[in-house]
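>
Residue numbers (this note's numbering), protein chains in the order written: chain A, 1 to 99; chain B, 1 to 490.
1. Let's test the definition: count the other Cβ atoms within 10 Å of the Cβ of residue 550 of chain B and tell me whether it reaches 16, buried, or not, exposed.
2. Measuring alpha carbon to alpha carbon, tell me which residue in B:240, B:364 and B:191 is nearest residue 64 of chain A.
3. Is there a C-beta anywhere in chain A that falls below 8 Å from the one on residue 152 of chain B?
4. Using the beta-carbon count (16 or more within 10 Å), is residue 224 of chain B buried or exposed?
5. Consider the Cβ of residue 367 of chain B: report whether some Cβ of chain A lies at a distance smaller than 8 Å.
6. How many Å lie between residue 286 of chain B and residue 22 of chain B at the Cα?
7. Along the region 408-431 of chain B, where does the CB come closer than 9 Å to a CB of chain A? Name the residues.
8. First and last residue of the beta strand (DSSP E) that includes residue 40 of chain B?
9. Using three-state DSSP, classify residue 299 of chain B as helix, strand or coil.
10. For residue 368 of chain B, collect the residues of the same chain with a Cβ closer than 8 Å to its Cβ; drop the 5 residues on either side in sequence, then sort them by chain order.
11. So within the region 312-382 of chain B, which uninterrupted beta strand (DSSP E) runs reach at least 3 residues, ignoring any that extend past its ends?
12. Taking Cβ-Cβ distances below 7 Å as the criterion, which residues of the region 94-116 of chain B are in contact with chain A?
13. Is residue 423 of chain B helix, strand or coil by DSSP?
14. At a cut of 8 Å, does the region 73-89 of chain B reach the region 188-202 of chain B through at least three beta carbon pairs?
15. Does the distance from the CB of residue 281 of chain B to the CB of residue 268 of chain B come in under 8 Å?
16. How would you call residue 72 of chain A, buried or exposed, if buried means at least 16 neighbouring beta carbons within 10 angstroms?
17. Give every residue of the same chain whose Cβ lies closer than 8 Å to the Cβ of residue 422 of chain B, excluding the five residues on either side of it in the sequence, and list them in chain order.
18. Run through the DSSP bridge pairs and tell me what residue 222 of chain B is partnered with.
19. For residue 330 of chain B, collect the residues of the same chain with a Cβ closer than 6 Å to its Cβ; drop the 5 residues on either side in sequence, then sort them by chain order.
20. Name, going along the chain, the residues of the region 16-39 of chain A whose beta-carbon falls closer than 8 Å to a beta-carbon of chain B.
21. At which residues does the alpha helix (DSSP H) containing residue 117 of chain B begin and terminate?
22. Please report how far the alpha carbon of residue 69 of chain A lies from the alpha carbon of residue 29 of chain A, in whole angstroms.
23. Could you tell me whether the Cβ atoms of residue 97 of chain B and residue 61 of chain B are closer together than 8 Å?
24. For the beta strand (DSSP E) that contains residue 405 of chain B, what are its first and last residues?
25. Work out the CA separation of residue 433 of chain B and residue 507 of chain B for me, nearest whole Å.
26. Where are the beta strand (DSSP E) runs, 3 residues long or more, that stay fully inside the region 69-148 of chain B, in chain order?
27. When DSSP labels each residue in this structure, what does residue 33 of chain A get in the three-state scheme?
28. Starting from residue 265 of chain B, trace the alpha helix (DSSP H) in both directions and tell me its first and last residue.
29. Using a Cβ cut-off of 8 Å (strictly closer), state whether residue 65 of chain A contacts chain B.
30. For residue 209 of chain B, name the three-state secondary structure that DSSP assigns.
31. Exposed or buried, what is residue 341 of chain B when buried is set at 16 or more other beta-carbons lying within 10 Å of its beta-carbon?
32. Hey, how far is the Cα of residue 259 of chain B from the Cα of residue 324 of chain B?
33. Taking residue 11 of chain B as part of the beta strand (DSSP E), name the residues at either end of that continuous run.
34. Please report how far the alpha carbon of residue 221 of chain B lies from the alpha carbon of residue 88 of chain B, in whole angstroms.
35. Using a C-beta cutoff of 8 Å, does residue 210 of chain B count as contacting chain A?
36. Determine the contact status of residue 95 of chain B and residue 366 of chain B, defining contact as a CB-CB distance below 8 Å.
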């Protein structure tokens with residue numbers, strides 16, 4: 001599969017990474033090269049082979065549904081990049097999303 | 001160079017127990033050495049004040065008769081482990097200034113065992129790379145130099161390149177690494193040290209910046225097999241905070257170093273002799289087989305037929321998991337934020353500015369192979385081939401106890417080599433990735449030098465949760481190899 005510029009733009013959009021128009025050609029070449037490389041898997045017969053999502057031979061453990069942590073208000077916000085409004089209770093802030 | 005920095009962890013432990021020197025003295029010697037070798041770029045952040053404080057506390061614990069397994073041992077911590085109130089970046093711009101409010105389970109266990117943290121070690125950005133060239137905080141230089149071309153700067157390997165360089169240059173007694181496709185073993189081989197990626201689930205992943213969660217595993221990097229065994233004993237163990245952490249007791253790994261491997265069967269996979277494998281690598285591998293034979297083990301040729309598909313499988317599975325794990329870096333809650341005209345615009349600008357080119361490339365590949373219409377053809381297919389690769393090993397371990405292979409297809413290469421094409425760079429991990437996909441323990445130890453005087457590593461692969469056999473065989477090989485070479489200035 002070779003990717004064209006439009007496909008790269010669509011992938012970048014899905015990944016939420018801004019890509020400048022002048023980078024698209026180069027990226028299309030690189031990503032197509034990688035896809036070409038991984039496509040050799042097509043020659044492996046995998047009929048009836050169940051997909052392996054983890055090597056851990058474990059069933060996910062259950063625990064009691066109780067509160068184990070909390071009250072870490074200052075720690076949670078300690079690395080917030082911008083605009084934590086302390087006197088209004090403390091929030092992460094983002095650009096306005098509602099007109 | 002102080003004599004104290006030349007000791008192994010086991011030697012320093014025993015000498016401190018006898019009162020020959022204190023943790024404060026040992027730590028001070030390492031702080032000086034670390035400062036003298038800043039040109040290597042091994043550390044992103046040095047924490048000398050914290051180290052001095054911890055060393056003082058360690059000496060007090062020892063006086064009180066409460067010495068832990070790593071009491072007073074100065075270690076470097078790969079900058080992928082969250083360390084409380086100490087900047088943790090994953091070598092990415094997107095985490096510049098990030099100070100975790102908690103300690104990762106593994107680094108916390110090392111502190112609980114009495115160790116001292118010297119600082120945070122450089123790596124490839126988000127542990128994606130085999131050269132330590134992709135760090136936002138600068139490249140790491142391998143302390144070894146080629147005799148043929150001493151002016152050439154060599155890479156330390158990656159992604160745990162800072163860890164490997166620091167241990168080799170004697171500016172940390174040991175270091176933590178993480179390994180997703182070879183990130184402990186390949187740099188250990190390039191820098192002439194020992195490192196083990198334990199079985200998936202042996203060490204908790206909690207508090208380790210995630211790359212590919214089904215593959216990531218922490219492990220020790222140190223100057224010899226015994227030191228790795230001591231460190232792994234302190235790092236391993238069940239952690240309820242990581243649901244894939246195995247609820248199993250931690251054996252005494254050091255006690256496994258009995259030196260007796262009589263009767264063990266050592267698998268030699270025929271697929272690990274690709275055309276064009278260098279004569280020198282081939283020679284050191286043959287030498288390794290001879291050492292094991294001389295110690296009473298039996299080499300057995302085995303086949304791992306899906307080996308050639310490991311690399312393409314990995315480069316679907318790992319980027320897919322990475323694209324999902326790295327979605328959290330959005331400029332909202334921590335790390336870099338680049339303002340934008342809308343929320344979406346802020347995400348995109350932040351991620352474009354914060355991620356380097358290799359990370360962006362892998363996120364985009366991962367996004368593509370998981371996207372609607374391509375999931376089955378790529379991701380699901382890779383998961384199926386992954387099972388075939390794991391089954392190859394399962395079958396092999398029905399007849400052998402351990403597998404011996406080269407660690408990497410070459411010695412350390414120059415900083416200007418292998419940079420043109422991402423796939424060429426990835427070939428470095430051709431011998432380590434299959435083990436990662438199967439979740440098995442893999443150890444690299446230095447076995448000899450090539451004609452240019454650069455270290456070459458051999459890899460031992462074990463059954464799941466049988467690190468003890470791996471350590472035992474590694475101990476025998478280490479004695480036989482008698483590898484005492486060190487980089488210049490050590």
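Ideal Cβ placement from N, Cα and C applies to all residues, glycine included. Fair warning: this is a prediction, and the values are worked out from it, not measured in the lab.
Let me spell this out:
1. In this structure chain B extends from 1 to 490, so residue 550 of chain B is not present and cannot be described.
2. B:240
3. no
4. buried
5. yes
6. 43 Å
7. 421, 422, 423 and 426
8. Taken as a continuous stretch (DSSP letters only), residue 40 of chain B belongs to no beta strand (DSSP E), as it is neither H nor E.
9. strand
10. 374 and 378
11. none
12. 98, 99 and 101
13. helix
14. no
15. no
16. exposed
17. 358 and 361
18. B:174 and B:194
19. 347
20. 16, 17, 18, 19, 27, 30, 31, 33, 34, 35, 37, 38 and 39
21. Not the alpha helix (DSSP H): residue 117 of chain B falls in the beta strand (DSSP E), residues 116-121.
22. 48 Å
23. no
24. 402-406
25. It is not possible to answer for residue 507 of chain B, since the shown part of chain B is limited to 1 through 490.
26. 74-78 and 116-121
27. helix
28. Unbroken run through residue 265 of chain B is the beta strand (DSSP E), 265-269; no alpha helix (DSSP H).
29. no
30. coil
31. exposed
32. 44 Å
33. Looking at the DSSP string, residue 11 of chain B is not in any beta strand (DSSP E); the run it does join, the alpha helix (DSSP H), is 9-17.
34. 19 Å
35. no
36. no
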